[in-house]
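Protein chains in written order, with our numbering: chain X, 1 to 148; chain G, 1001 to 1237.
A virtual CB, placed ideally from N, CA and C, is assigned to each residue, including glycine.
Since the model is a prediction, treat every value here as computed from it, not as a measurement.
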Amino acid sequence: MQFSNKTIVLKLALLIMLPLFLGSCLKKVEGIDEINTNIFDREYAGDVWYVIKDIEQVTNDLGQIKARLYTWIPKANLPGLVPSNIKIFVSGDGLPEGVIDYPLTPGGDFERAIDLPYVSPGEYCITLGIYLEDEDETINLFETCIIL
Amino acid sequence: MKALKLLILSTLLTFVGQVTYAQNNNMGEVRFLVNVDNSYFEIEINDTMLLKRYKDSLPAGDYSAKVWSPGYIMNRIEFTVVAGKMTEKRVDMVKNNNFNEYERDYKKYRMQFHKQLTAPLALTLTSAVTSGVFMVNAYNYKKKVIADIEDYHLSPVTSEIGEIKLRIAENNKKYNFHRSAFYINSGFTFLFVGGTIWSYMNFKKNNIEPDYSKDSPFKDKFSLNLTPYGCSLAIKL
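Have a look at this one:
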């Protein structure tokens, strides 16, 4: 077996450089710290996932005066795949706790108006949460207020 | 006239037949049983004929020969070939002292070679291959983690999200283990490469490969020339 020093050094260097070159991409996986941003995650750690766009005083068909809150779940706060309808737990001032449907809009987000009993001009608050029908459980509850 | 031609032809054929028969009748076979461990020997018979095989046909008679094999002392033998019979000649060869010494030195040299190159090189290669395995595994786990992260951001199903997160945690742990192992092992491989190069250079510096001439003493004595016009065998006496 004949080896020259140069050949051995070259071969060994190549042998080592190849895995090192390939191994340079083995960095920490990005996005690991962001796996708590899905609003359907029990361990959701993001901000309030819905927005109260507006509030107005309205009189409904029964002649009752209501404070109508226009709630919106932006597409940016939703996962990539969304169903055509989601169930949201709602509670608010003078409003009994319940689960309501949020239909999907053509724009890919969810919107729904919620009527609270009108009391007087001032602050109206509601609490929304993601309702899990199979488990009969609500997760990721957030309270938001708006001034009429 | 025709009868005369036939008579001459039959006389000629009879003569040629007789000569051939007489020649064949005078031949005997000899088989050499040469006791060497390299399976190679050369026999020079009567200073004029070189045999490189263990069996041949020779005219009946007494012969003297020299038997040579690489690493052995040339042995002089005598034998008799009997017409129409097989003669077996056993030849015991004695190893050359220089060759014994060469064999010892060469064995020592090879041992040193294995110690200073083969073993470190094998260790280096094993380490490099292990690094490669860690690297490939790390890549596979990384791919799984990335795919699961994508699924996480797609899924609207809470139970599925829980499973995805468990998978991410598990595969990410494995990924981190394998990539750490890759970097640590690569460090060792680097050291082994340096060690192997140093060891080999040290070996080259301190060891010279022993040499022993295995040329036949009959090498220059016999020469066979083949040309388009014929062939000739030259013997230098």
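Cβ of residue i within 9 Å of any chain G Cβ
i: X/Gly31; result: yes
i: X/Glu135; result: yes
i: X/Met1; result: Low per-residue confidence applies at X/Met1: pLDDT is 48, beneath 50, and the placement is therefore not dependable, though the value from the model is reported in the following sentence. Yes, X/Met1 counts as interfacial toward chain G.
i: X/Gly80; result: yes
i: X/Pro83; result: yes
i: X/Val9; result: yes
i: X/Ala13; result: yes
Other residues of its chain near residue i: CB distance less than 7 Å, five sequence neighbours each side excluded
i: G/Tyr1021; result: Residue confidence is low: G/Tyr1021 scores 48 on pLDDT, short of 50, so the model does not pin down where it sits. No coordinate-derived value is stated.
i: G/Phe1099; result: Gly1071, Tyr1212
i: X/Gln57; result: Ile65, Ala67, Tyr118, Leu148
i: X/Ile73; result: Trp49, Tyr50, Tyr102, Asp109, Phe110
i: G/Ser1127; result: Asn1185, Phe1188, Thr1189, Phe1192
i: G/Pro1210; result: Tyr1102, Asp1105, Tyr1106, Tyr1109
i: X/Asn85; result: Asp101, Tyr102, Pro103, Leu104
i: X/Leu10; result: none
i: X/Glu43; result: Asn36
Burial state of residue i (16 or more Cβ within 10 Å)
i: X/Asn38; result: buried
i: X/Trp49; result: buried
i: G/Leu1191; result: exposed
i: G/Leu1013; result: Model confidence at G/Leu1013 stands at a pLDDT of 43, short of 50, so the residue's coordinates are unreliable and nothing is read from them.
i: G/His1114; result: exposed
i: G/Gln1018; result: Because G/Gln1018 carries a pLDDT of 46, less than 50, the predicted location of this residue cannot be relied on, and the following value inherits that uncertainty. G/Gln1018 is exposed by the Cβ-count criterion.
i: G/Val1094; result: exposed
i: G/Asn1172; result: buried
i: G/Met1111; result: exposed
i: X/Gly63; result: exposed
Neighbouring residues, chain G, relative to residue i (Cβ below 8 Å)
i: X/Phe40; result: Ser1155, Pro1156, Val1157, Thr1158, Ile1161
i: X/Val90; result: Those within 8 Å of X/Val90 in chain G number zero; the least Cβ separation is about 19 Å.
Within chain X, the residues that residue i reaches when beta carbons sit closer than 8 Å
i: G/Val1094; result: Within chain X, no residue comes near G/Val1094; the closest Cβ sits about 31 Å away, beyond 8 Å.
i: G/Ala1083; result: The contacting residues do not exist; G/Ala1083 stays about 52 Å from chain X at best.
i: G/Lys1142; result: Leu26, Val29
Within-9 Å CB hit, residue i to chain X
i: G/Ile1146; result: yes
i: G/Ala1065; result: no
i: G/Arg1090; result: no
i: G/Pro1217; result: no
i: G/Ala1119; result: no
i: G/Ala1138; result: yes
i: G/Ile1149; result: yes
i: G/Ile1208; result: no
Distance cut-off 8 Å: residue i Cβ against heavy atoms of the ligand PLP
i: X/Met17; result: By its list of ligands, the structure shown contains no ligand whatsoever, and the ligand PLP lies outside what it can speak to.
Contacts of residue i in chain X (Cβ-Cβ under 7 Å)
i: G/Asn1172; result: Val29, Ile32
i: G/Tyr1152; result: Ile35, Asn38
i: G/Tyr1175; result: Val29
i: G/Lys1165; result: Ile35
Residues near residue i by beta carbon distance below 8 Å, same chain, minus five either side
i: X/Leu132; result: Thr138, Ile139
i: G/Phe1079; result: Val1030, Asp1062, Tyr1063, Ala1065, Thr1087, Lys1089
i: G/Phe1203; result: Gln1112, Phe1113, Gln1116, Leu1117
Same chain, Cβ closer than 6 Å to residue i, five either side skipped, listed in chain order
i: G/Asp1220; result: none
i: G/Thr1124; result: Phe1192, Val1193, Thr1196
Chain-ordered neighbours of residue i on chain G, where CB pairs are closer than 9 Å
i: X/Ile139; result: Thr1158
Chain G residues whose Cβ lies nearer than 7 Å to that of residue i
i: X/Val99; result: Near X/Val99 there are no residues of chain G at all, since even the closest Cβ is about 15 Å away, more than 7 Å.
i: X/Leu202; result: Residue 202 of chain X is absent from the model: chain X starts at 1 and stops at 148.
**Asked** Hey, which unbroken runs of the beta strand (DSSP E) at 3 residues or more fall wholly within the region 64 to 140 of chain X?
**Response** 65 to 73, 85 to 92, 95 to 103, 110 to 117, 123 to 132, all fully within the region 64 to 140 of chain X.
**Request:** Ignoring anything shorter than 4 residues or poking outside the region 1152 to 1221 of chain G, list the alpha helix (DSSP H) runs there in chain order.
**Result:** With a minimum length of 4 residues, the continuous alpha helix (DSSP H) runs that stay inside the region 1152 to 1221 of chain G are 1158 to 1206.
**Message:** In chain order, what are the residue ranges of uninterrupted alpha helix (DSSP H) at least 4 long that sit wholly in the region 1087 to 1148 of chain G?
**Reply:** Here the runs fully enclosed are 1097 to 1113.
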